[in-house]
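This report concerns only the one structure given below.
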Amino acid sequence: YQRRVRGSLHSVQHLILEMNTLTLLILFCIPALILAETCGGNCPSNDCHSCRCGTSSQVVNIADWCAKYSGWNQACCQCIVRHESGGNAHAQNDNTNGSSDVGLWQVNSINWSSCSGGVAPCDPTTNLQCAIKVWQWGGNSFRLWSTCGACGCC
Numbered sequence: 108y109q110r111r112v113r114g115s116l117h118s119v120q121h122l123i124l125e126m127n128t129l130t131l132l133i134l135f136c137i138p139a140l141i142l143a144e145t146c147g148g149n150c151p152s153n154d155c156h157s158c159r160c161g162t163s164s165q166v167v168n169i170a171d172w173c174a175k176y177s178g179w180n181q182a183c184c185q186c187i188v189r190h191e192s193g194g195n196a197h198a199q200n201d202n203t204n205g206s207s208d209v210g211l212w213q214v215n216s217i218n219w220s221s222c223s224g225g226v227a228p229c230d231p232t233t234n235l236q237c238a239i240k241v242w243q244w245g246g247n248s249f250r251l252w253s254t255c256g257a258c259g260c261c
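In our numbering, the protein residues as written are 108 to 261.
Structure, rendered in structure tokens:
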């Protein structure tokens with residue numbers, strides 16, 4: 108009888124240990140999965156595969172950053188940035204073709220090798236330099252941004 112009680116007690120202890128392990132997995136893994144998809148709010152589409160610009164937002168003054176380049180129309184630049192990132196320098200969007208857009212101007216990963224050494228231009232200064240290049244590649248216009256029509260800036 109004692110052997111069965113000890114065996115049952117061991118089984119209960121083992122079951123409790125397994126339940127605690129499962130609880131810990133649920134508590135830590137599910138939020139990590141959610142955080143990876145939203146990148147702490149940097150990925151508004153909630154489907155990002157990795158958080159290239161981290162999990163904390165960096166909201167900046169859009170007008171100040173657009174003004175750092177005098178070659179483009181300031182109103183168009185501000186509209187593009189508002190539509191693309193809302194002024195969050197760490198904004199990210201993963202596209203259906205496998206590419207990613209990051210930063211204030213949502214510079215596409217196809218362009219990173221030509222403007223940021225192949226890495227995600229998450230800091231505003233690098234993102235600005237990339238955006239200027241993309242703007243120039245577009246014939247000194249915002250036509251290469253999908254939001255140019257909404258801003259009347261194509």
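Backbone N, C-alpha and C define an ideal beta-carbon position, used for all residues, glycine too. All values derive from a computational prediction rather than experimental measurement.
Classification of Asn202 by the beta-carbon crowding that lies within 10 angstroms, buried from 16 upward: Counting the other Cβ atoms within 10 Å of the Cβ of Asn202 gives fewer than 16, which makes it exposed.
Exposed or buried, what is Leu140 when buried is set at 16 or more other beta-carbons lying within 10 Å of its beta-carbon? For Leu140, the predicted model reports a pLDDT of 43, less than 50, meaning its position is unreliable and no value from the coordinates is stated.
Which of the three DSSP states, helix, strand or coil, is assigned to Gln199? strand
Endpoints, the beta strand (DSSP E) within which Asp208 is located: 207-209
Using the Cα positions of Val241 and Leu251, report the straight-line distance between them to the nearest angstrom. 7 Å
To the nearest angstrom, how far is it from the Cα of Thr254 to the Cα of Ile187? C-alpha separation (whole angstroms): 6 Å.
For Cys184, which residues from the same chain have a beta carbon less than 7 Å from its beta carbon, with the 5 sequence-adjacent residues on both sides left out? Cys173
Hey, out of Gly224, Ala257, Asp230, whose CA is closest to Gln165's CA? Asp230
Which listed residue (Asn149, Gln243, Glu191) has its alpha carbon closest to that of Gln213: Glu191
So what does Glu241 bridge to, in DSSP terms? For the sequence presented, residue 241 should be read as Val rather than Glu. Beta-bridge pairing links Val241 to no other residue.
According to the neighbour-count rule (16 or more other Cβ atoms, all chains shown, within 10 Å of its Cβ), is Ser152 buried or exposed? It is exposed - the Cβ of Ser152 has fewer than 16 other Cβ atoms within 10 Å.
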